[in-house]
Amino acid sequence: MLGVCYYPEHWDEDRWKTDARRMRELGISFVRIGEFAWSRLEPSRDRFTFEWLDRAIDILTEAGLKIVLGTPTATPPKWLVDQCPDIIPYDEHGRPRGFGSRRHYTFSSETWWKESARIVEIVAKRYGDHPGIAGWQTDNEYGCHDTTLSWGPEDLKGFKRWLRLRYQSADQLNEAWGSVFWSMELESFDEVTLPNLTVTEPNPATRLDFWRYHSDQVAAYDAMQCAIIRKYSPGRWITHNFMGFVSDFDHFKVGDNLDLASWDSYPIGFVEKFPFTEEERNRWAETSHPDIAPYHHDLYRAVGKGRFWVMEQQPGPVNWAPWNPVPKPGMVRLWTWEALAHGAEVVSYFRWRQAPFAQEQMHAGLNLPGLDEWSPGGREARQVAEELAALGPLPETGQAPVAILFDYQSHWSTVIQPQGKDFRYEELCFRWYEALRHLGLNVDFVRPGASLEGYRLVLVPCMTEVDEATRAELARTAATVLVGPRSGSRDRNFRIPDMLPPGPLGELSGNRIVQVASLRPGLADAVTGSVSGAAIRWREYAESRATVLARFENGDPALTERNNLLYLACWPDEKLLASTMALVTEKAGIATMPVPDFIRIRRRGPLSFAFNYGTEDWALPAGAEILLGEAVLKPQAVAIWR
Amino acid sequence: MLGVCYYPEHWDEDRWKTDARRMRELGISFVRIGEFAWSRLEPSRDRFTFEWLDRAIDILTEAGLKIVLGTPTATPPKWLVDQCPDIIPYDEHGRPRGFGSRRHYTFSSETWWKESARIVEIVAKRYGDHPGIAGWQTDNEYGCHDTTLSWGPEDLKGFKRWLRLRYQSADQLNEAWGSVFWSMELESFDEVTLPNLTVTEPNPATRLDFWRYHSDQVAAYDAMQCAIIRKYSPGRWITHNFMGFVSDFDHFKVGDNLDLASWDSYPIGFVEKFPFTEEERNRWAETSHPDIAPYHHDLYRAVGKGRFWVMEQQPGPVNWAPWNPVPKPGMVRLWTWEALAHGAEVVSYFRWRQAPFAQEQMHAGLNLPGLDEWSPGGREARQVAEELAALGPLPETGQAPVAILFDYQSHWSTVIQPQGKDFRYEELCFRWYEALRHLGLNVDFVRPGASLEGYRLVLVPCMTEVDEATRAELARTAATVLVGPRSGSRDRNFRIPDMLPPGPLGELSGNRIVQVASLRPGLADAVTGSVSGAAIRWREYAESRATVLARFENGDPALTERNNLLYLACWPDEKLLASTMALVTEKAGIATMPVPDFIRIRRRGPLSFAFNYGTEDWALPAGAEILLGEAVLKPQAVAIWR
Amino acid sequence: MLGVCYYPEHWDEDRWKTDARRMRELGISFVRIGEFAWSRLEPSRDRFTFEWLDRAIDILTEAGLKIVLGTPTATPPKWLVDQCPDIIPYDEHGRPRGFGSRRHYTFSSETWWKESARIVEIVAKRYGDHPGIAGWQTDNEYGCHDTTLSWGPEDLKGFKRWLRLRYQSADQLNEAWGSVFWSMELESFDEVTLPNLTVTEPNPATRLDFWRYHSDQVAAYDAMQCAIIRKYSPGRWITHNFMGFVSDFDHFKVGDNLDLASWDSYPIGFVEKFPFTEEERNRWAETSHPDIAPYHHDLYRAVGKGRFWVMEQQPGPVNWAPWNPVPKPGMVRLWTWEALAHGAEVVSYFRWRQAPFAQEQMHAGLNLPGLDEWSPGGREARQVAEELAALGPLPETGQAPVAILFDYQSHWSTVIQPQGKDFRYEELCFRWYEALRHLGLNVDFVRPGASLEGYRLVLVPCMTEVDEATRAELARTAATVLVGPRSGSRDRNFRIPDMLPPGPLGELSGNRIVQVASLRPGLADAVTGSVSGAAIRWREYAESRATVLARFENGDPALTERNNLLYLACWPDEKLLASTMALVTEKAGIATMPVPDFIRIRRRGPLSFAFNYGTEDWALPAGAEILLGEAVLKPQAVAIWR
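Protein chains in written order, with this note's numbering: chain A, 1 to 642; chain B, 1001 to 1642; chain C, 2001 to 2642.
Printed below as a string of structure tokens:
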């Protein structure tokens, strides 16, 4: 189904009815509203002006639209910031990040929690049982604009509180952190300082705890909002709209609060954000790289425990990337169908109509700026709506044959301690995902400790701290398991494990890592054997009791196998990665269907979907019973067949 | 005529007479003094020590030199800064920019206005009717070192004052800015904050108003100085020495205060400042790019309403660029003649003698450091003086056939909202200028709303907000008009116009822009038709009721024509730009004289001037009656013919 | 002899005896301890817990190890920072650099001097006459992490004090600094401000004085520690462990306090720190560039007046460079032998055992993390120990035929005033050193004003201020002298000398520099004559009364000779540098032995050492009487012959 993000407060009230009618005409079922409207709901403390929203909700409901109501906490108004200056976040350089855009609060502020609870309760009370309200969105894009971490006095206060709970005594904190090093020992929790503005790098264990603290705060803050909503709005689901490539907090933990996950899909803007090569960026500038949206669909399906929406779908050029091209004709339709193929329940466009004012005035909508006139993206959305209606309900999305274990903490850990400047956790996961998708496979993400039941292949690109639950699952599974570099290289206190890496996986892998090398761009170490290619960026020196499937130039083990667990002791280049994926899928007995690098396949129940991101045609498999599209998949085209 | 910048306070008094005599011997007519001498005029509050300056002025006057006296406000002394700390500017990160160099004041400080008025009055009173004083220079290089904008408490105070005047009520401000977006609404002007240090980008409308406010402050501050000078120094002219490529305030508005404009010409340093390619930077490292000085001459001739000086002419290597090469032999002479060809009344070298101390000790002068001995640049200046004397008075500079509309606000608007990282207003104007100059044409700049009477071709490379006066002039003119991308894309409140861009030019152009794409380096969209080449950086999607002269690859209009107005819907690459200039000059019926890219031509009355920036000879047109130089123009040579 | 850095406080006490025994087994003679242990010695003010250190020292001593005891001042503990916040340094942007890593103090703080004196006295008193204590190390790596300069209130206070002593009156300060420029004159020392956070560049003379002030503070602070130690620990030597490529203070002046110098040799990490080309960085990533360690050995031998140690020798991969590769097998041994060849008395590895916690957990030790098990580097150290034992005592290191004059102030001066962005003093010295080493020569460094007695060739790559002592030595020596660009270009007040550069060398060189050009990358000026190649980066315009040996393209002098002094008026490219070194060694009558660029030779008394940094074999000179290694020097191999 389709949805749209709408801001009645941006338009004269006499336009709302027309807007609602045209939404229905286009085929929109859901409309998200309210998430930035605080100053219009409460222009000064305790002066409430909800009547306009009452009317807007009524009009939308009467038009047959179901409403997703956002809590307005992403944009505290000026009067609140002035009355409660302690809600303001601080950047890593110690500077306050003030009013004038959005997300100007720190999750650490107790005042902020109180104010948030107050407004959420007011909104939830007022609309909780309105028949038009289908569900809720908490806040907006947690963590966007680097707002997970904050470095102010409130953060220090909260961090101390969190440390007291975790460590009980300063001695235990000193022991955990290895504070004896460089005389960093503390006599009491009062002495704790923020791990910024130090002369040289602060203790990585402190940084990791600071990151964990903030991640926990986000999840707890969200839980606080959810509890209030649930109290006043029984029977409605709750979601949050996550951002792409924002991994500063543990999304799985926030997902635990929610009924379903959603995310904001800006495939083209992300091409500039992700560390692609310049060549890739140019190639995919107007379509997006063909794995960016799918990767997030699959990840957020896991965060949502199987259920997810695209809450904001890019409907044309946006305003916030260094360059903002117009998507190629067909791409808005393609992205929409692709989200559905990956299991999205609803694809909701951002936004109904381009705003001719303020920060996002260059962000396209389904309608042209200020006008009641379809934009090119609006016309594509309409086409999808018609096609969807013709096709009828889609079958369930089943479990994929392959799981990738995704671990937010490993991202934080490798940011804190890259050891090699280009060791980027998200990039590693993305490239492994991409390699699987070149083989035409459906992929699931799983969180640490999750059951691996039903998978035939499990990939662990990198998991710095392997907790006992995860280790046990990896020991238990009959799936082929491929574990990547740096896995098990840290214990829970960010120390090197006593038995050396891969720590808890030492026995399962048969390996012990005695040295690691990070390799500057231009350097590589050839790998030959059952797989071939080269190590780049990262290369481990392993002592192995396992079967060595491939070796580095000097004969050291590069890929080892013990029972059903393979260990790859490096960051693989493209060739080695492809070769390794071919090997492990074969070992796992998974049938693959290699596709050109501009084609992607996704199966949903008995249906197969294909998407063409490229500039050449691609022929569908012979004998396909085509439900949508044609046997020859043109550039930017979509096909569905049985 | 020639001039020189001189600092008697830098040298022992017993050297002044020799200096004055040698200036006259060289052929100097004007000498600028005093603009950094505050601490020598008033070493502590109300203790005045003007006697040395009295003597210096007398000595220079007696030697037959005419004096340009600078007000010393660019360098408030330490005691003043200590007594009036509120004059200090703040950078965008909120840090004070303290004493220790120059320009350490904000235009917002009322204290600073009082102190400035006080010292200007004292100086103007004392020397206003001295017979040696020919004219005045206010301050020094407004805006240099990023000093137009400041982000401190005084700036916030002034900004609020300005906003109150502009908007009258908070409601109108909210409406204008679209503050409803992200709950940015304000209840009163007291709630206004500076548009910096926000979590993500601040409202572009706020930023533009903040920029306009500061630009207005500069003009008003300058007007204040001018009023005082005029009161005490009747019959003398006033100028200000503008900097090159500093566009942070509206120079035309400051020019309105002045009798003539002047600017500081550092052609070689600017090669590093302007976004040339590395190849261009290497090619022109020792001569400057052949349009840098001319571009500014023509621009400041407009700012000075037809009258301009070069107040500071680079006479050798400077000290402030990343690299500071020695100009090729002949270039100091070439630049001097070139300024005269473009209409400069006086070319004044900076400086008489290289200072062996302090910040500019590596900045060449006409004399070697500390010595009474010509530098290589000094010898070239002497040659020009002799040639000038031999040639006699130059004819008047007439109106050019082509006008480029230059609009400072469009620079601010595109800096605030680039949308494509490399959309740089100044670069666009410069490249259009360069393309005209390759055709051997004289070019005038005009300001928004100025009369276009007498021009046969008018170029508007980009004018984001097209005010009614400008629209009317463009409607009225019979000239061929070429309008570039983003023109009319914003109204006065930085909103997208109701009828979409090009807003007020919609009717004249016959176009409506429904989408825009910014293109990353490496991407291009081919253009074919009456002109050909490619769009880079920026490409618009126009609906057109006009004649389409050229189209993009997908058939969209790239260049349209309606009556005498052409609209170019992209940033043209070099080829498309040249092709377009060829077309519009032809349509305008302007005879061109294409020259190699290292040759430039300029006409002043019946005289033609040619300048060779290259490494190869160039033959003058056959039949030229040569007044200076030879029929074969050698590298770095100058020729004048009738 | 070999040593090791050990942290008993990092390990359970029951492991100390085993550690001591295994150190002796490996062949370790010296063990450095204590330099970061303050929080374990004094966990809160005046509560002392030295007993563990007593026991550690006893255990090590009983095992036959000699102890180097460090003063713990590099890591003031948290309680001290909280009690004495004025010890905290400030960065150039005015931000405090707080607790949480190391070196969080400013040399300007009087409080810090008192606290330092207190703890040093306590430690020195307690252990000064312990028989196990062989010597002392003051603090740790002065200046590391940009900690020489600090920009806080204590620094301003100290700077004023220093200026008062130097200039006596504000008038003399104004005169020296040329404060008349830009009205920067001060009426009293109270008005002095720090030379940071100015609108544009501050006065370079002020900056240089600020740098000199801090450099003096470092030396005085070190002298304070040394005086206390000498009082309580008679008969023991004192050293400090300098860092590589940290030139922010005058190491020679600190060296004056010491009995011997030592330095911390991280050859691989420095490859990323020094401005090599990317090609060089890739080539030498796993071995280090073959001159990095030798350059520092030779420099610190000079700082130590003939005596030096390597206090910290990299024994494997480290943690702090952007990329941290594993050294090629053999390199730890090679570096150790190489240090000895250059005269190191002891090579001490950092560290005994890799710490599995805190900031340096990825820094290799001689033992694997947390384990009693040799790392690869540990095994190489053991091999060196065995070879050393077999070879017996090494002969004395004699004077080299060539001296390079190294001047810290020239580094500061060219950082303050680069004039060309890539004029880097350290790089110039390094490249000249490298060129000599390609000729197989032993090289000494000498400090300004030092005797040049006994040298046949003296190089002065660049000495911005030539003091009288140095000038006199250069006049006196019979050696061939080669002086490089910018020498003598500043007087002691950072002014251009009255007679123009090279100032005091004008007479000796026969040259006067009237202009200088800095050349952007890509530009070059060919040089031909007795030497050939090209000038890059920097090129001077000299008037010469000397013999011109080579000229630039336009005929200007590039290399001149007057008596025994040659002057090179540019930054030479590789070819010109090699050609010039060939010429001057020939003129000096020095026999050279050119080697491939991956081979280095060093002589120590009658012994010759060769080191192979490359990937190809190299044949030793025929007839060599080989004491270690083989006639064919394999990659990463070492040979010693007579």
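All C-beta atoms in this analysis are idealised placements derived from N, C-alpha and C, irrespective of residue type, glycine included.
Computed from a predicted structure; not experimentally measured.
- Neighbours of R1281/B across chain C, judged by C-beta separation under 9 Å: R2520, G2522.
- Taking 7 Å as the cut-off between beta carbons, the residues of the stretch 1482-1511 of chain B near chain A are R1495, I1496, D1498, L1500, in sequence order.
- Within the same chain, Cβ atoms closer than 6 Å to the Cβ of P504/A are found at V466, R471, G488, the five residues on either side in sequence being excluded.
- The three-state secondary structure of P43/A, taken from DSSP, is coil.
- Within the stretch 135-160 of chain A, contact with chain C at the beta-carbon level (separation under 8 Å) is assigned to no residue.
- Residues of chain B with a Cβ closer than 8 Å to the Cβ of H104/A are, in chain order, T1198, V1199.
- In the DSSP assignment, A534/A falls within the beta strand (DSSP E) that extends over 533-544.
- Within chain C, the residues P2322, W2323 have their CB atoms less than 8 Å from the CB of K421/A, given in chain order.
- Boundaries of the beta strand (DSSP E) harbouring K1066/B: 1066-1070, taken from the DSSP string.
- Per DSSP, N2282/C is one residue of the alpha helix (DSSP H) stretching across 2278-2283.
- Within chain B, the residues whose beta carbon sits less than 9 Å from that of A285/A are L1519, R1520, G1522, L1523, listed in sequence order.
- Boundaries of the alpha helix (DSSP H) harbouring R2333/C: 2331-2341, taken from the DSSP string.
- Using a Cβ-Cβ cut-off of 9 Å, V2527/C is close to nothing in chain B; its nearest Cβ partner there is about 16 Å away.
- Within the same chain, and ignoring the five residues on either side of F609/A in sequence, the residues whose Cβ sits closer than 6 Å to its Cβ are A341, R602, I640.
- S579/A and G533/A have their C-alpha atoms some 8 Å from each other.
- Under a 10 Å Cβ-count criterion, F2350/C is classified as buried, with 16 or more other Cβ atoms of the shown protein chains found around its own Cβ.
- No Cβ-Cβ contact shorter than 9 Å links D2291/C with R2024/C.
- If you draw a straight line from the Cα of F2276/C to the Cα of S1029/B, it is about 52 Å long.
- When DSSP reads this structure, T528/A sits in a beta bridge with R551/A.
- Burial state of Q636/A is buried, judged by a 10 Å Cβ sphere holding 16 or more other Cβ atoms.
- Where T2480/C is concerned, the enclosing beta strand (DSSP E) starts and stops at 2480-2483.
- Ranked by Cα distance from K2253/C, the first of K2114/C, G2449/C, A2285/C, W2323/C is G2449/C.
- Under the DSSP definition of a beta bridge, A261/A partners with F308/A.
- Look at M224/A: its C-beta is not under 9 Å from any C-beta on chain C.
- Here M2243/C is buried: its Cβ has 16 or more other Cβ atoms, across all protein chains shown, within 10 Å.
- About 15 Å separates the beta carbon of N1196/B from that of M1184/B, a gap too long to meet the 8 Å contact definition.
- Per DSSP, W2237/C is one residue of the beta strand (DSSP E) stretching across 2237-2239.
- Contact check between the stretch 2158-2173 of chain C and the stretch 1068-1084 of chain B: fewer than three CB pairs, one atom from each, fall below 8 Å, which does not count as touching.
- L2186/C reaches chain B at K1078, counting residues in chain order whose Cβ is nearer than 8 Å.
- Using a 10 angstroms sphere on the CB of E62/A, the tally of other CB atoms stays under 16, which defines it as exposed.
- Interface annotation, P96/A: not in contact with chain C, CB-CB separation never under 9 Å.
- Contact between L1627/B and V1638/B does not hold, since their C-beta atoms are separated by about 11 Å, which reaches or exceeds 8 Å.
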